[in-house]
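Q: Protein chains in written order, with this note's numbering: chain A, 1 to 427; chain B, 1001 to 1427. First, the structure itself, so that you have it in front of you.
There are 2 protein chains.
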Amino acid sequence: MANKEVNIGLIGFGTIGSGVVETFNLNQSIIEDKVKRKVNLKKVVDLDIETDRGVKIDPEKLSTDVNDILEDPDIDIVIELIGGYQPALKFILTAISKGKHVVTANKALLAKHWEEVMETAGENQVRIGFEASVGGGIPLLKPLNESLAANKIEAIYGIINGTANYILTKMADEQQDFHEVLKEAQDKGYAEADPTFDIEGHDTAQKLIILTKLGFGVYVKQEKFHVEGITRITLDDIEYAKELGCCIKHLAISTINDGELDVRVHPTMVDNKHLLASVNDVFNGVYIIGDVVGHVMMYGPGAGMMPTASAVVGDCMDIIEEMGRPITYGPPETRVTRIKNIDEMESKYYMRFAVMDKPGVLHAISEILSDLDISVDSFNQKGHEEGKFVPIFLVTHQATEKNIREAVKRIEKLETIKDEVLFIRLL
Amino acid sequence: MANKEVNIGLIGFGTIGSGVVETFNLNQSIIEDKVKRKVNLKKVVDLDIETDRGVKIDPEKLSTDVNDILEDPDIDIVIELIGGYQPALKFILTAISKGKHVVTANKALLAKHWEEVMETAGENQVRIGFEASVGGGIPLLKPLNESLAANKIEAIYGIINGTANYILTKMADEQQDFHEVLKEAQDKGYAEADPTFDIEGHDTAQKLIILTKLGFGVYVKQEKFHVEGITRITLDDIEYAKELGCCIKHLAISTINDGELDVRVHPTMVDNKHLLASVNDVFNGVYIIGDVVGHVMMYGPGAGMMPTASAVVGDCMDIIEEMGRPITYGPPETRVTRIKNIDEMESKYYMRFAVMDKPGVLHAISEILSDLDISVDSFNQKGHEEGKFVPIFLVTHQATEKNIREAVKRIEKLETIKDEVLFIRLL
Chain A
1 MANKEVNIGL
11 IGFGTIGSGV
21 VETFNLNQSI
31 IEDKVKRKVN
41 LKKVVDLDIE
51 TDRGVKIDPE
61 KLSTDVNDIL
71 EDPDIDIVIE
81 LIGGYQPALK
91 FILTAISKGK
101 HVVTANKALL
111 AKHWEEVMET
121 AGENQVRIGF
131 EASVGGGIPL
141 LKPLNESLAA
151 NKIEAIYGII
161 NGTANYILTK
171 MADEQQDFHE
181 VLKEAQDKGY
191 AEADPTFDIE
201 GHDTAQKLII
211 LTKLGFGVYV
221 KQEKFHVEGI
231 TRITLDDIEY
241 AKELGCCIKH
251 LAISTINDGE
261 LDVRVHPTMV
271 DNKHLLASVN
281 DVFNGVYIIG
291 DVVGHVMMYG
301 PGAGMMPTAS
311 AVVGDCMDII
321 EEMGRPITYG
331 PPETRVTRIK
341 NIDEMESKYY
351 MRFAVMDKPG
361 VLHAISEILS
371 DLDISVDSFN
381 QKGHEEGKFV
391 PIFLVTHQAT
401 EKNIREAVKR
411 IEKLETIKDE
421 VLFIRLL
Chain B
1001 MANKEVNIGL
1011 IGFGTIGSGV
1021 VETFNLNQSI
1031 IEDKVKRKVN
1041 LKKVVDLDIE
1051 TDRGVKIDPE
1061 KLSTDVNDIL
1071 EDPDIDIVIE
1081 LIGGYQPALK
1091 FILTAISKGK
1101 HVVTANKALL
1111 AKHWEEVMET
1121 AGENQVRIGF
1131 EASVGGGIPL
1141 LKPLNESLAA
1151 NKIEAIYGII
1161 NGTANYILTK
1171 MADEQQDFHE
1181 VLKEAQDKGY
1191 AEADPTFDIE
1201 GHDTAQKLII
1211 LTKLGFGVYV
1221 KQEKFHVEGI
1231 TRITLDDIEY
1241 AKELGCCIKH
1251 LAISTINDGE
1261 LDVRVHPTMV
1271 DNKHLLASVN
1281 DVFNGVYIIG
1291 DVVGHVMMYG
1301 PGAGMMPTAS
1311 AVVGDCMDII
1321 EEMGRPITYG
1331 PPETRVTRIK
1341 NIDEMESKYY
1351 MRFAVMDKPG
1361 VLHAISEILS
1371 DLDISVDSFN
1381 QKGHEEGKFV
1391 PIFLVTHQAT
1401 EKNIREAVKR
1411 IEKLETIKDE
1421 VLFIRLL
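Right, dumping it as structure tokens:
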């Protein structure tokens, strides 16, 4: 299709969709100069085409009928930005079956239907662009999949949910507790009315599935790995982390060792000297370790109308330029022999519990820990009040998750312990 | 050339060249799986093929005759890693004229001969891979040129010389002075025996020329912009920066405003809250601001045998996969109307001078500053000793470089001032 005009159809005229329209309004000529073709955003489909999105668009381009895109043989690339599983999946599969390339920011759909989407795309020899699905506008998936292609990837870990990172940052900076900050984030539009998806780690997990596929060649379903949110983190935890020269970040982690893949999402203590400790507010940052390159990090806005649109339009340009390239995402799966269970992981652990301040209590706890080969590196008790419950914080030396969980179970059974025991892994 | 084996010839079996050989030793199968071709590092040429580089290589692949690569019609890609201007340029132009793609890490050559190399490549429809020329193993040029292609780039600034960054980091961390740290860096192999190139900013300037071309479409020769090294920075400057909540970093900066391009290399005060303040030791970090994406940063090892080899081999894989793509580097030049002179820049400035501690001296200085519309934001004098020279540090409000330079000239003429006045721009 050399020199032929490229036609693009956009399904979903919401926030990101409006960003895509605005990007073409701003940079049409830059885009066309770069790909050396005319590029035409031909049709924009949404159920609601009445509401003013605040971006200029020729009303003739708007339609409520998705078939104006899916059934138009002149449309080469379909951008799917309606999100969710259905009808997004149906639209994507139809577009692919008609030989159209697809660009999407839909991490939920890719995380759940990766195999079906990619196999159908392979059969129809079309490309799927999904840079926007992880890390918003940050160049992340393309560098991982292309720039670092000469590497065996050894680890990917980072902050890939802006809402959770905003909450943890504000808690640390302004000494506000979780619920106060969450409310503020909701008021500012950084958190959804129902924030479960972000603060319980599901969004992070979906993105990690995509990163893991690109880095290690393995598609791991969310049920197969440990996902833990940030809802139990209190100001006390954050304060104690500070005393240790650390901060608490919500990390997505995927590492390989001797063929064993370790995938998990949980709050993690990060040394303040680590660059991830400086990734604050709604920003994202992802470390990638390759056997040849060593450590690299990509940082930037992990969400938002314009940043995400930058990745969506970048993907379209990539597809226009790369029609002839072989279609591969990530290395072959052969390096992975087994996916590890969270029980097997080893780390230093931070633990917090509320204990009755009376003689013998600490002894009972230390006996449990020592029974399970857990030794304590540092220990802190906040205040003394005989006969009352006081918070205790400790950091262990290297221990296995299995033993930590067993210790927590036993400690929680003690009558002198109130509430659940919280533990956080150290990076 | 679908499914045909790809043959690569490597000119230069030094540090990076050995890294390239080792990368193929480590990851040949990963590389071939990814590009879906056989890839053969067919020939390695160097004047010295006797010295043991510590990497395994079939002796039959070694040769001292560059024509074994340049004249071999089966070789598709030539990797040039001898560095310097000649004979590297001759080899590259010959390879291009024979229809061979070229991968190089040679920033000096590209910065000086950009137009000749790229025009010749365009005429011969071959690709030039040069990711390794800036930021070593960091995915940087490809994200800038491809992932962010939907953006008008507004600014590129960062730390792109590991030696200078190592020196500034160690000075700050260990309170050692410039010459001590430089010697230590030389002992560790982080600095050359003749370190001029790194510490005076020439290496940074060459890399900035390449970044500027990719970001703004303009090829700016080094004579056209301000390049200032780090040799005048003392421990006192670093200490005072700390008091201001800052650190001193050696930055390459290229920004555009109303068509006016502002390109410069100089030490800069960076707020500790800025992520670049956490880019330490030999690491590099580059911020890119696009009109659509906002701020992103790429971070990683900016030099070294294996990191640089990661970029070189990644470029080879890119070329193998992208034979059919249009060849463009950066946007068209039309956005730039003028390249600004350093005199026109505006910033807050840090200034340091040694003044005679006696009445009236400060008044003379403040008169000069006020005459030139420079107002002082903070001021600090270290110690008092009537009749002796004591160091004075100050930070100005926003001022023009032209006025600052005039002020420095006038202040240096005062009899009560010893040595040159140092000034550092704030980020």
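Backbone N, C-alpha and C define an ideal beta-carbon position, used for all residues, glycine too. It should be emphasised that the depicted structure is a prediction, and the values quoted were computed from it without experimental measurement.
What residue range does the beta strand (DSSP E) around B/E1200 cover?
A: Working through the second sequence from its first residue, we reach residue 1200 of chain B at position 200. Neither: B/E1200 is in no beta strand (DSSP E) and is coded neither H nor E.
Q: Could you spell out the range, first to last residue, of the beta strand (DSSP E) harbouring A/Y380?
A: Working through the first sequence from its first residue, we reach residue 380 of chain A at position 380. Inspection of the sequence shows that residue 380 of chain A is occupied by Asn rather than by Tyr. It spans 376 to 381 - the beta strand (DSSP E) in which A/N380 sits, taken as one unbroken run.
Q: Just list the residues that DSSP pairs B/C1247 with in beta bridges.
A: Position 247 of the second sequence, counted from the first residue, corresponds to residue 1247 of chain B. BP columns for B/C1247 point to B/V1270.
Q: Scan the region 1144 to 1229 of chain B and note each continuous alpha helix (DSSP H) run of 4 residues or more that stays entirely inside, going in chain order.
A: 1162 to 1174, 1178 to 1188, 1196 to 1199, 1202 to 1216, all fully within the region 1144 to 1229 of chain B.
Q: What are the residues of the region 286 to 316 of chain A that lie near chain B, defined by any Cβ-Cβ distance shorter than 7 angstroms?
A: Cβ contacts with chain B: G290, D291, V292, V293, G294, H295, V296, M297, M298, Y299, G300, P301, M306, P307, A309, S310, V313, G314.
Q: Taking all protein chains shown into account, do 16 or more other C-beta atoms lie within 10 angstroms of the C-beta of A/Y349, making it buried, or fewer, making it exposed?
A: Locating residue 349 of chain A in the first sequence gives position 349, counting from the first residue. A/Y349 should be labelled buried.
Q: Could you work out which residue in A/S378, A/M356, A/H295 is closest to A/A480 when comparing CA atoms only?
A: Any property of residue 480 of chain A remains undetermined from this structure, which presents chain A solely from 1 to 427.
Q: Which partner residues of B/G1300 appear in the DSSP bridge assignment?
A: For the purposes of this step, residue 1300 of chain B is taken as the residue at position 300 of the second sequence. Looking at the DSSP assignment, B/G1300 forms a beta bridge with B/N1284.
Q: Could you tell me whether any Cβ in chain A is nearer than 8 angstroms to the Cβ of B/I1030?
A: For the purposes of this step, residue 1030 of chain B is identified with residue 30 of the second sequence, where counting begins at 1. True, the Cβ-Cβ gap to chain A drops below 8 angstroms.
Q: According to the neighbour-count rule (16 or more other Cβ atoms, all chains shown, within 10 Å of its Cβ), is B/P1359 buried or exposed?
A: On the second sequence, residue 1359 of chain B is found 359 positions in, with the first residue counted as 1. Under this definition B/P1359 is an exposed residue.
Q: Here's the rule: buried if 16 or more other CB atoms are within 10 angstroms of the residue's CB, otherwise exposed. What is A/A2?
A: Along the first sequence, one-based indexing puts residue 2 of chain A at 2. Legend: pLDDT at A/A2 = 49, less than 50; position of this residue unreliable, value from coordinates given subsequently. Classification for A/A2: exposed.
Q: Does the region 1286 to 1293 of chain B come close enough to the region 1050 to 1061 of chain B that 3 or more CB-CB pairs lie under 8 angstroms?
A: No, they do not touch.
Q: Kindly list, in the order they appear in chain A, the residues whose Cβ is closer than 9 angstroms to that of B/K1142.
A: Here residue 1142 of chain B refers to the residue found at position 142 of the second sequence. Under the 9 angstroms cutoff, chain A gives P139, K142, P143, E146, S147.
Q: Mind listing the chain A neighbours of B/L1275? Cutoff is C-beta to C-beta under 8 angstroms, in chain order.
A: By one-based count along the second sequence, residue 1275 of chain B stands at place 275. The answer, in chain order, is L275, S278, V279, Y299.
Q: If you draw a straight line from the C-alpha of A/V103 to the C-alpha of A/S133, how long is it?
A: On the first sequence, position 103 is the one that residue 103 of chain A refers to. On the first sequence, position 133 is the one that residue 133 of chain A refers to. Taking the straight line from one Cα to the other gives about 10 angstroms.
Q: Can you list the residues of chain C that A/K152 reaches, using a CB-CB cut of under 9 angstroms?
A: Here the protein chains are A and B, and chain C is not one of them.
Q: Rounded to a whole number of angstroms, what is the C-alpha to C-alpha distance between B/D1371 and B/C1246?
A: Along the second sequence, read from residue 1 onward, the residue named residue 1371 of chain B stands at position 371. Along the second sequence, read from residue 1 onward, the residue named residue 1246 of chain B stands at position 246. Each residue's Cα considered, the two are about 28 angstroms apart.
Q: Beta-carbon within less than 6 angstroms of B/F1432's beta-carbon, same chain only, minus the 5 sequence neighbours each way: which residues are those?
A: Since the first residue shown for chain B is 1001 and the last is 1427, residue 1432 of chain B is missing from the structure and cannot be characterised.
Q: When burial is assigned at 16 or more other CB atoms within 10 Å of the CB, is B/R1338 buried or exposed?
A: In the second sequence, residue 1338 of chain B corresponds to position 338, counting from 1. B/R1338 should be labelled exposed.
Q: Just to make sure I have the definition right: I need the residues of chain B whose C-beta is within less than 7 angstroms of the C-beta of A/T23. Which are they?
A: Taking the first sequence and counting its residues from 1, the one referred to as residue 23 of chain A is at position 23. What A/T23 touches in chain B: A1150, V1292.
Q: For B/N1067, does the count of other Cβ atoms within 10 angstroms reach 16, so buried, or fall short, so exposed?
A: As a working mapping, residue 1067 of chain B is identified with position 67 in the second sequence. B/N1067 comes out exposed.
Q: Would you mind working out which of A/G129, A/E415, A/G300, A/T255 sits nearest A/I79, comparing C-alpha positions?
A: Translated into the one-based positions of the first sequence, residue 79 of chain A becomes position 79. Taking only the C-alpha atoms, the option nearest A/I79 is A/G129.
Q: So if I threshold CB-CB distances at 7 angstroms, which residues from the region 1039 to 1060 of chain B count as touching chain A?
A: Those would be none; no residue qualifies.
Q: Using beta carbons (cut-off 8 angstroms, strictly below), is B/D1271 in contact with chain A?
A: On the second sequence, residue 1271 of chain B is found 271 positions in, with the first residue counted as 1. Not one chain A Cβ lies under 8 angstroms of B/D1271.
Q: Can you give me the C-alpha to C-alpha distance between B/Q1028 and A/A191, rounded to a whole angstrom?
A: One-based indexing of the second sequence puts residue 1028 of chain B at position 28. One-based indexing of the first sequence puts residue 191 of chain A at position 191. The alpha-carbon atoms of B/Q1028 and A/A191 are separated by roughly 45 angstroms.
Q: Rounded to whole angstroms, what's the CA-CA distance from A/D33 to A/E5? Just pull it up for me.
A: Against the first sequence, residue 33 of chain A aligns to sequence position 33. Against the first sequence, residue 5 of chain A aligns to sequence position 5. A/D33 and A/E5: Cα-Cα distance of roughly 13 angstroms.
Q: Say whether the region 228 to 242 of chain A touches the region 265 to 272 of chain A, bearing in mind that this needs 3 or more beta-carbon pairs closer than 8 angstroms, one atom from each stretch.
A: With a cut-off of 8 angstroms, the region 265 to 272 of chain A and the region 228 to 242 of chain A count as touching, because enough Cβ pairs lie within range.
Q: Apart from the five residues just before and just after A/N165, which ones in its own chain have a Cβ nearer than 6 angstroms to its Cβ?
A: Working through the first sequence from its first residue, we reach residue 165 of chain A at position 165. Excluding positions up to five away in sequence, the list reads I159.
Q: Pull up the CB-CB distance for A/G14 and B/V1296, whole angstroms please, since I reckon it's below 8 angstroms.
A: Against the first sequence, residue 14 of chain A aligns to sequence position 14. Against the second sequence, residue 1296 of chain B aligns to sequence position 296. Not a contact, Cβ separation roughly 23 angstroms.
Q: Are the CB atoms of A/A149 and B/M1317 nearer to each other than 8 angstroms?
A: For this step, residue 149 of chain A is matched to residue 149 along the first sequence. For this step, residue 1317 of chain B is matched to residue 317 along the second sequence. Cβ atoms of A/A149 and B/M1317: closer than 8 angstroms.
Q: At a CB distance below 7 angstroms, what residues from the region 1369 to 1392 of chain B approach chain A? Give them in sequence order.
A: The residues in question: there are none.
Q: Rounded to whole angstroms, what's the CA-CA distance from B/Q1206 to A/L10? Just pull it up for me.
A: As a working mapping, residue 1206 of chain B is identified with position 206 in the second sequence. As a working mapping, residue 10 of chain A is identified with position 10 in the first sequence. Cα-Cα distance, rounded: 42 angstroms.
Q: For my contact list, A/N40 and A/G162 are in at a C-beta cut-off of 8 angstroms; report their separation, rounded to the angstrom.
A: Position 40 of the first sequence, counting from 1, holds the residue named residue 40 of chain A. Position 162 of the first sequence, counting from 1, holds the residue named residue 162 of chain A. Going by Cβ atoms, the distance from A/N40 to A/G162 rounds to 32 angstroms, so no, they are not a contact pair.
Q: For A/E119, return the contacting residues in chain B, with the cut-off set at a CB-CB distance below 9 angstroms.
A: Working through the first sequence from its first residue, we reach residue 119 of chain A at position 119. Residues of chain B passing the Cβ test: none, with the nearest at roughly 17 angstroms.
Q: Strictly by DSSP, which residues pair up with B/S1347?
A: Mapped onto the second sequence, residue 1347 of chain B falls at position 347. According to DSSP, B/S1347 bridges with B/A1399.
Q: Counting only beta-carbon atoms, is B/D1173 nearer than 8 angstroms to chain A?
A: Taking the first residue of the second sequence as 1, we reach residue 1173 of chain B at position 173. No, B/D1173 does not count as interfacial toward chain A.
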